[in-house]
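See below for the structure under consideration.
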Amino acid sequence: MASLHHEIFIAVDPGTAWDAAREVDRLHDRLVPGFVTATEMLAVEGAPVRRVTFANGMVADETIVSIDDARRRLVWAIKALEHHNGVLQITEAPDGARVVWTADLLPDSLADRVSAAMAQGLASMKAHLESGAAHG
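Right under this line is the structure:
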């Protein structure tokens, strides 16, 4: 199983970053515009599912497993893969926020592509949040 880990410093208040991240239906305008072009919540039984359309045309249905406000931690799964567990956690750092994105996935053959997308997503998040455009 591939275990991917990326982290980045973002020069914004961790609460501001978390407010954008926890709005799971607004990735496309609150957190990573340009990297994600659309986010739609699907009407399904059980845990919420968001359909994410990426700028490269890829579409993923992500089951929201947990939104933990106390720990500023979001967990999701992509059931179309053999295994996928994604975690985004935002913590305080000197003069800003530390954002850690991890993913455990199978098949291993997807690791390079998913890792590159994670790095691109974090870069997009940093640029957007630091621009001050993440509010509401």
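All you need for the numbering used here is the position in the sequence shown, starting with 1, plus 1. All C-beta atoms in this analysis are idealised placements derived from N, C-alpha and C, irrespective of residue type, glycine included.
Spatially closest choice to residue i from the options, by CA coordinates
i	options	result
D20	R74, E41, T64, A128	R74
L107	R31, I91, E93, E83	E83
D96	V13, H6, A3	V13
G16	A94, A112, S110	A94
P49	V25, D30, F55, G58	V25
A56	I79, H29, A128	H29
A22	T92, D113, R114, D109	T92
Contact check, residue i vs residue j, beta carbons under 7 angstroms
i	j	result
R72	F10	no
R52	E41	yes
I68	W77	no
A104	L5	yes
G35	S125	yes
H7	A118	no
L111	W102	no
A3	L130	no
Unbroken alpha helix (DSSP H) run spanning residue i, endpoints
i	result
H129	112-131
A22	15-22
Residue i burial status per 10 Å Cβ neighbour count (16 or more: buried)
i	result
V37	buried
E63	buried
G122	buried
A39	exposed
A44	exposed
V33	buried
R31	buried
G133	exposed
G58	exposed
G47	exposed
Extent of the continuous beta strand (DSSP E) run through residue i
i	result
V100	97-107
E93	84-94
A3	3-11
(request) Identify every run of the alpha helix (DSSP H) within the region 31-80, keeping only runs that are complete inside it and at least 4 residues long; order them along the chain. (result) none
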